[in-house]
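K.L.:
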């Protein structure tokens, strides 16, 4: 009886601790797609390498040939060059080296991101003939029979051109428009994340009701919510084991005394 109770309680304790350890091992630590890739952590997560609760919807990344990639609904995948969690900035590159094609097709209203730099509206022109040298041609969108330019929206459209689209471009002034790498910086805003980090850090996860967090003290203070719960469980378990042992011993002793008493009464009976 005593052995059975001890076995059950010990097994349940072992199961809890191993499950908890497994859970700790599956916490949302950072990963990399390659040695030179950025550290990927909340609110981002790598599809197939980190559980779904480790990231926020819309912040999914993927690893392709040791390269970190991000997908947008209206655009093909872009390369993630770096991530600054302090500044909340993700720097991107177009694999085809044509940033203007990204600007023309990228619809950030469908994403949790916005441009990191100040934006300004520019109009893309498709021209059948080359414009004077004062206009900056977008080489990666131009061809032998058409020439693409970006101009300020207030500028009158030349006769040989037609306006294709007016989009917000993250450049303060036009000389940067020919640079294929400048400007692909996006930022995000999660107020809960900022508040939590200011308090020393969090273990973030997504529940059925939305974004939640297990806030903990600064790492120098040496404990978290999970460690407190684990220690409390062990203390309760030890108390239960002690009480169960006492009850079992009392029951065993009482049963033994009753058996002894019955045997003595049988011996005293007159035949």
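Numbering (mature numbering (1 follows the signal peptide of the UniProt record, and there is no 0)), first residue to last: -21 to -1, 1 to 250. Backbone N, C-alpha and C define an ideal beta-carbon position, used for all residues, glycine too.
Quick one: Cα of residue 319 to Cα of residue 116, how far?
P.N.:
No information on residue 319 is available, as it lies outside the stretch -21 to 250 that the chain covers here.
K.L.:
Specify the secondary structure class of residue 230 as computed by DSSP and reduced to three states.
P.N.:
Here the question's residue 230 lines up with position 251 in the chain shown. Reduced to three states, the DSSP call for residue 230 is helix.
K.L.:
Can you check the region 32 to 117 for any beta strand (DSSP E) of at least 3 residues that lies completely inside it and give the ranges in chain order?
P.N.:
Entirely contained in the region 32 to 117, the beta strand (DSSP E) runs reaching 3 residues are, in chain order, 39 to 43, 46 to 51, 54 to 63, 68 to 72, 92 to 94 and 99 to 106.
K.L.:
Would you check if the region 97 to 107 and the region 137 to 146 touch, i.e. whether three or more CB-CB distances between them fall below 8 Å?
P.N.:
Touching, yes.
K.L.:
Identify every residue that forms a DSSP beta bridge with residue 164.
P.N.:
Along the chain shown, one-based indexing puts residue 164 at 185. 70, per the DSSP bridge assignment.
K.L.:
Evaluate the contact criterion for the region 87 to 97 versus the region 163 to 170: three or more CB pairs, one atom per stretch, below 8 Å.
P.N.:
The region 87 to 97, when compared against the region 163 to 170, does touch it at the 8 Å Cβ threshold.
K.L.:
Span of the beta strand (DSSP E) holding residue 148?
P.N.:
On the chain shown, residue 148 is found 169 positions in, with the first residue counted as 1. Its beta strand (DSSP E) spans residues 140 to 148.
K.L.:
Determine the DSSP secondary structure at residue 222, reduced to helix, strand or coil.
P.N.:
For the purposes of this step, residue 222 is identified with residue 243 of the chain shown, where counting begins at 1. If DSSP states are grouped into helix, strand and coil, residue 222 belongs with the helices.
K.L.:
Please report the straight-line C-alpha distance between residue 120 and residue 149, rounded to a whole angstrom.
P.N.:
For the purposes of this step, residue 120 is taken as residue 141 along the chain shown, with counting starting at 1. For the purposes of this step, residue 149 is taken as residue 170 along the chain shown, with counting starting at 1. Cα-Cα distance, rounded: 18 Å.
K.L.:
Using 7 Å as the threshold, is the C-beta distance between residue 24 and residue 33 below it?
P.N.:
Indexing the chain shown from 1 puts residue 24 at position 45. Indexing the chain shown from 1 puts residue 33 at position 54. Contact flag set, yes.
K.L.:
Tell whether a beta-carbon distance below 7 Å holds between residue 70 and residue 80.
P.N.:
Counted from its first residue, the chain shown places residue 70 at position 91. Counted from its first residue, the chain shown places residue 80 at position 101. No. Outside cutoff.
K.L.:
Using DSSP's beta-bridge definition, name the partner residues of residue 135.
P.N.:
Indexing the chain shown from 1 puts residue 135 at position 156. Looking at the DSSP assignment, residue 135 forms no beta bridge with any residue, so it has no partner.
K.L.:
Would you report the Cα separation of residue 68 and residue 53, rounded to the nearest angstrom?
P.N.:
Against the chain shown, residue 68 aligns to sequence position 89. Against the chain shown, residue 53 aligns to sequence position 74. Roughly 21 Å separates the two Cα atoms.
K.L.:
Can you tell me whether residue 229 is buried or exposed? The criterion is at least 16 other CB atoms within 10 Å of its CB, across all chains shown.
P.N.:
Counting from one through the chain shown, the residue named residue 229 turns up at place 250. Its Cβ having fewer than 16 others within 10 Å, residue 229 is exposed.
K.L.:
Can you look up residue 236 in the DSSP assignment and give me helix, strand or coil?
P.N.:
The count along the chain shown starts at 1 and reaches residue 236 at position 257. Of the three classes helix, strand and coil, the one that applies to residue 236 here is helix, per DSSP.
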